[in-house]
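In the numbering used here, the protein residues as written are 139 to 226.
This is how it looks when you write it as structure tokens:
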């Protein structure tokens with residue numbers, strides 16, 4: 139957010155900030171000021187765009203499913219090897 143001095147539009151300073159947790163900082167993709175909405179004479183509404191956290195959770199679930207499938211395949215292979223080595 140940028141604040142403009144009343145009598146001189148060339149003088150400006152930043153006065154409004156976005157506060158977020160450090161772990162959530164990477165989720166913020168964009169920040170902007172809505173100029174039409176005036177909260178106070180010196181302030182404007184600040185809006186952020188966030189990335190969804192849902193995608194990372196889906197990836198975690200998928201990877202755990204893949205891990206379980208690999209474990210099952212490994213167990214099948216071990217069973218197959220034991221079965222065939224005892225025959226000969």
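Using N, Cα and C, we set each Cβ at its ideal position, and we do this for glycine too.
{"Asked": "Do the CB positions of residue 167 and residue 187 come within less than 8 Å of each other?", "Found": "yes"}
{"Asked": "Flag this pair as yes or no: are the beta carbons of residue 154 and residue 185 separated by less than 8 Å?", "Found": "no"}
{"Asked": "Using a Cβ cut-off of 8 Å (strictly closer), state whether residue 174 contacts chain D.", "Found": "Among the chains of the structure shown, chain D does not appear; only one protein chain is present."}
{"Asked": "Since residue 186 is in the beta strand (DSSP E), which residue starts that stretch and which ends it?", "Found": "182-188"}
{"Asked": "Rank 156, 205, 207 and 216 by C-alpha distance to the C-alpha of residue 169 and give the top, closest one.", "Found": "156"}
{"Asked": "Return the CA-CA distance between residue 203 and residue 215, expressed in angstroms with no decimal places.", "Found": "18 Å"}
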